[in-house]
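Numbering (our numbering), first residue to last: 81 to 475. From the three backbone atoms N, C-alpha and C, an ideal C-beta is built for every residue, glycine too. This structure is a prediction, so every number in the text was calculated from the model and none was measured. The next block holds one structure in the form of structure tokens; read it before the comments.
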Ligand SMILES: Cc1ncc(COP(=O)(O)O)c(C=O)c1O
């Protein structure tokens, strides 16, 4: 009997260069199998080991494994114990989940505009947003957008905040460095292991921190606020007693995810190198093409891009047409991001004077495929298609 349905007839043709790829290596698949066979699948020794190995990888003192980056941002914000409804600044050029996290933590998001070239908030846009708050901002969520590292200290200063009031959204930032320090060595840095991220597990996240008190709080709060997780209760000599001192979340990571993460982490240095090679190849192919601006990156010596995304800017209102024609040629693309104030849920957050930098940048953004299994021939194919379409439009 056929397993095909009528819908298969109308499905889009398979893209020859899909936008994204989720590579779960064979060792990672085997590690997951081992955990499944072990009889212990929830948070346990694999999660603990993943936390230690991940912390070492990003130069952090501590790491707390969680179920997603979104919930990691919420936990990091909650661990600041800010007053309910306090204003928290965040870039509008980010993923909606980061702004939901502020709301779910009982705080009030205040949107910050970005530079229309770099896509990042600047000291001036942060100070302007801070000036719109009736009370002093209580926190700042900063995204290392596309893997391009931000100057956290400068932006915190512009908000009038100490750096421990910054929650870094490093969903794109695994592998970024700023002034010699890996992103991850700050006081609350949240990573994503979503299927398309630089360290894909499928789902999952990690919060790294240099503050042992916040770490202890987040460890409890990620599992209902319980004073002892199941692993500790069921260890030989463990006790079934525990306390619940506050309202926690259900946001722990399973050992299956952690085992995949540990194995994937071993591949990460090679993957990061590969991303940099592929980004340089796009640069070589696209540099000087009229109407195309290459992705922003740190000045030499200032930092290192993680190349989560290769997001070009396409001028002259040509972005949508380029995306459509690339799709016709078998190339998948995406846009990161639709500024959050364009969504109906957040429309009420637009400040007087609007967010013109983000509005202008959004019209031009186009993310091209970038992942370790992409071949250089595929990069050349994508870049040639971009050049053909653009030159065709100019003809
Ligand atoms: C910048 C940014 N922040 C946060 C998230 C949320 O990550 P997660 O799916 O792990 O919650 C994403 C996911 O795409 C993202 O791109």
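Pick from the options that is closest to residue i, judged by C-alpha positions
{"i": "residue 437", "options": "446, 103, 173 and 474", "result": "173"}
{"i": "residue 456", "options": "336, 234 and 364", "result": "364"}
{"i": "residue 380", "options": "320, 258, 120 and 207", "result": "258"}
{"i": "residue 330", "options": "133, 138, 159 and 147", "result": "147"}
{"i": "residue 417", "options": "113, 109, 445 and 192", "result": "445"}
{"i": "residue 119", "options": "448, 428, 301 and 336", "result": "336"}
{"i": "residue 238", "options": "306, 204 and 354", "result": "204"}
{"i": "residue 467", "options": "114, 369 and 288", "result": "369"}
{"i": "residue 410", "options": "395, 464, 392 and 434", "result": "464"}
{"i": "residue 398", "options": "472, 103, 188 and 315", "result": "472"}
{"i": "residue 156", "options": "170, 475 and 270", "result": "270"}
{"i": "residue 272", "options": "333, 393 and 462", "result": "333"}
{"i": "residue 452", "options": "209, 412, 264 and 103", "result": "103"}
{"i": "residue 152", "options": "289, 236, 133 and 188", "result": "289"}
{"i": "residue 391", "options": "443, 430 and 166", "result": "443"}
{"i": "residue 109", "options": "166, 382, 234 and 280", "result": "280"}
{"i": "residue 382", "options": "208, 232 and 395", "result": "232"}
{"i": "residue 230", "options": "184, 241, 470 and 376", "result": "376"}
{"i": "residue 211", "options": "447, 402 and 240", "result": "240"}
{"i": "residue 142", "options": "195, 378 and 268", "result": "268"}
{"i": "residue 202", "options": "215, 361 and 224", "result": "224"}
{"i": "residue 208", "options": "124, 171 and 166", "result": "171"}
{"i": "residue 266", "options": "135, 194 and 117", "result": "135"}
{"i": "residue 315", "options": "124, 393, 200 and 106", "result": "124"}
Simplified DSSP state of residue i, which is helix, strand or coil
{"i": "residue 471", "result": "helix"}
{"i": "residue 92", "result": "Confidence at residue 92 is low in this model, with a pLDDT of 49, below 50, so its placement is unreliable and no value can be given for it."}
{"i": "residue 424", "result": "helix"}
{"i": "residue 139", "result": "coil"}
{"i": "residue 408", "result": "helix"}
{"i": "residue 161", "result": "coil"}
{"i": "residue 563", "result": "In the structure as shown, the chain begins at 81 and stops at 475. Residue 563 is therefore absent and cannot be evaluated."}
{"i": "residue 223", "result": "strand"}
{"i": "residue 453", "result": "coil"}
{"i": "residue 109", "result": "helix"}
{"i": "residue 244", "result": "helix"}
{"i": "residue 114", "result": "helix"}
{"i": "residue 372", "result": "strand"}
{"i": "residue 460", "result": "helix"}
{"i": "residue 466", "result": "helix"}
{"i": "residue 97", "result": "strand"}
{"i": "residue 82", "result": "Below a pLDDT of 50, predicted positions are generally treated as unreliable, and residue 82, at 47, falls in that range; no measurement from the model is reported."}
{"i": "residue 298", "result": "helix"}
{"i": "residue 129", "result": "helix"}
{"i": "residue 175", "result": "coil"}
{"i": "residue 348", "result": "helix"}
{"i": "residue 292", "result": "helix"}
{"i": "residue 340", "result": "helix"}
{"i": "residue 195", "result": "coil"}
{"i": "residue 208", "result": "helix"}
Anticipated Cβ contact below 8 Å, residue i with residue j, distance rounded
{"i": "residue 374", "j": "residue 366", "result": "6 Å"}
{"i": "residue 328", "j": "residue 301", "result": "4 Å"}
{"i": "residue 276", "j": "residue 112", "result": "Incorrect: roughly 19 Å between the Cβ atoms, too far for contact."}
{"i": "residue 168", "j": "residue 221", "result": "6 Å"}
{"i": "residue 260", "j": "residue 227", "result": "Actually they are not in contact, since the Cβ atoms of residue 260 and residue 227 sit about 17 Å apart, beyond 8 Å."}
{"i": "residue 433", "j": "residue 395", "result": "24 Å between Cβ atoms; not a contact."}
{"i": "residue 217", "j": "residue 190", "result": "7 Å"}
{"i": "residue 158", "j": "residue 185", "result": "5 Å"}
In DSSP terms, what residue i is bridged to
{"i": "residue 155", "result": "Answer is none; residue 155 lacks a bridge partner."}
{"i": "residue 258", "result": "261 and 383"}
{"i": "residue 145", "result": "286"}
{"i": "residue 306", "result": "324"}
{"i": "residue 274", "result": "282"}
{"i": "residue 334", "result": "Beta-bridge pairing links residue 334 to no other residue."}
{"i": "residue 189", "result": "168"}
{"i": "residue 414", "result": "447"}
{"i": "residue 249", "result": "223 and 270"}
Any non-hydrogen atom of ligand 3 closer than 7 Å to residue i Cβ
{"i": "residue 213", "result": "No copy of ligand 3 occurs in the structure displayed; its ligands are ligand 1 alone."}
Original post:
Counting Cβ pairs closer than 8 Å, one from the stretch 280-293 and one from the stretch 334-351, do we hit at least three?
Top reply: The stretch 280-293 vs the stretch 334-351: in contact.
Original post:
At a cut of 8 Å, does the stretch 290-302 reach the stretch 345-353 through at least three beta carbon pairs?
Top reply: With fewer than three CB-CB distances shorter than 8 Å, the stretch 290-302 does not count as touching the stretch 345-353.
**OP:** Pair every Cβ in the stretch 249-269 with every Cβ in the stretch 385-398, then say whether three or more of these pairs are closer than 8 Å.
**Re:** By the criterion of at least three beta-carbon pairs nearer than 8 Å, the stretch 249-269 is in contact with the stretch 385-398.
Original post:
Using 8 Å as the Cβ pair cut-off and three pairs as the minimum, do the stretch 176-191 and the stretch 128-145 touch?
Top reply: Put simply, the stretch 176-191 does not touch the stretch 128-145. Fewer than three CB pairs are less than 8 Å apart.
Subject >> the stretch 152-171 touching the stretch 305-317, judged by at least three CB pairs closer than 8 Å >> reply: The stretch 152-171, when compared against the stretch 305-317, does not touch it at the 8 Å Cβ threshold.
Original post:
Any contact of the stretch 308-326 with the stretch 412-431, i.e. 3+ C-beta pairs under 8 Å?
Top reply: No, they do not touch.
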